[in-house]
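Read through the structure below, which is laid out as structure tokens, and then see the notes.
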Amino acid sequence: MGTERYQKELTQCLCGRGTVDEGFWADDHPFGNYNWNSSGIQLNCENCRANWSVQESVANPVLAPSGQRVIYFVRREEQRSVAVHNDGVEKQISALRKEERELRELTGNKLRDLRTELIAKLGQDSRLEARFAFIGPILGIGTKEEFRAKVGKTRPTTYISKLVTARIMTEMFQRMNRATDVEWMRRTSERLADIEGQAKELEATKTLPRSDEHRFTRA
Ligand SMILES: [Zn+2]
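In our numbering, the protein residues as written are 176 to 394.
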């Protein structure tokens with residue numbers, strides 16, 4: 176078992192002394208059914224490589240004749256400055272994503288603490304009436320019958336995990352008159368929405384290099 180490879184000449188380089196090639200590879204298959212994968216295009220010319228790189232997508236594309244592809248020649252300094260720009264954008268996006276993960280983790284902790292607190296309180300009196308009187312108003316469950324139908328014969332550890340979710344946490348804190356927690360939830364969800372918006376905007380500022388020269392592949 177090995178790996179099969181071959182190279183296909185796509186077009187001439189800019190100076191005409193070399194070529195632009197595409198590499199292909201396939202896992203060696205015992206029955207000879209190759210599934211060829213492109214390993215990308217390469218500029219095979221020492222002379223051109225000093226100043227140019229080859230790309231298949233650029234910021235200023237041109238239309239290729241039918242059945243052909245366009246190989247773009249991009250100046251190395253252009254490629255470098257675009258890479259520096261995109262790296263900077265990537266760094267800002269990952270800082271935002273890190274903050275987002277931290278906020279989601281804090282929200283998860285808050286939910287876990289709330290469940291623990293409610294379960295402990297419910298453990299103090301095992302009568303359905305007592306449990307309903309405490310948790311019913313917090314969950315917005317109006318009647319004992321409704322509560323009984325929801326929790327059945329399950330224990331608080333089971334039904335609290337099911338009924339107390341991140342989605343209704345803000346409402347629950349409101350019903351519990353916890354202004355600080357309500358405010359924290361409000362600020363957190365606003366910040367998460369901001370992060371999403373900023374990350375999208377940053378993503379849109381990523382760019383491709385501009386090309387000064389191009390060649391069409393051989394028909
Ligand atoms: Zn050349």
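Note that CB positions come from ideal geometry on N, CA and C, so glycine has one too.
Source: prediction; values computed, not measured.
Contact between E292 and G315 is ruled out by a C-beta separation of about 18 Å, above the 8 Å threshold.
Going by DSSP, L303 is part of no beta strand (DSSP E) but of the alpha helix (DSSP H) stretching over L303 to L314.
Here E388 has L189, W227, Y247 and F248 as same chain residues with Cβ atoms under 8 Å from its own Cβ, once five neighbours each way along the sequence are excluded. Taking 8 Å as the upper bound for CB-CB distance, S232 and R290 are not in contact here, some 49 Å apart.
For I268, no beta strand (DSSP E) encloses it; the enclosing alpha helix (DSSP H) starts and ends at R251 to L297. Judged by their CB atoms, T382 and V257 are nearer to each other than the 7 Å cut-off. Taking the Cβ of N226 as the reference point, every heavy atom of ligand 1 lies at 6 Å or farther away. Taking a contact to require three or more Cβ pairs closer than 8 Å, the segment 277-290 and the segment 339-358 qualify as touching. Proximity to K296 across L271, Q373 and G311 peaks at G311, based on C-alpha coordinates.
Closer than 6 Å to some heavy atom of ligand 1: that does not describe the Cβ of R279. Three or more Cβ pairs closer than 8 Å define a contact, and the segment 317-335 meets that threshold against the segment 297-306. For the beta strand (DSSP E) assignment, the uninterrupted runs of no fewer than 3 residues enclosed by the segment 205-238 are, from N- to C-terminal side, 212-219 and 227-230. The distance from the Cβ of E253 to that of P384 is about 5 Å, consistent with a contact at the 8 Å cut-off. Here R361 carries a helix assignment [DSSP, helix/strand/coil]. With a threshold of 6 Å, the Cβ atom of R390 does not count as near ligand 1, since no heavy atom of the ligand is closer than that. Counting along the chain, no alpha helix (DSSP H) covers T186; the unbroken beta strand (DSSP E) around it starts and ends at T178 to Q187. Annotated as distal: R279 and I313, with beta-carbon spacing of 7 Å or more. Bounds of the beta strand (DSSP E) holding V195 are T194 to D202.
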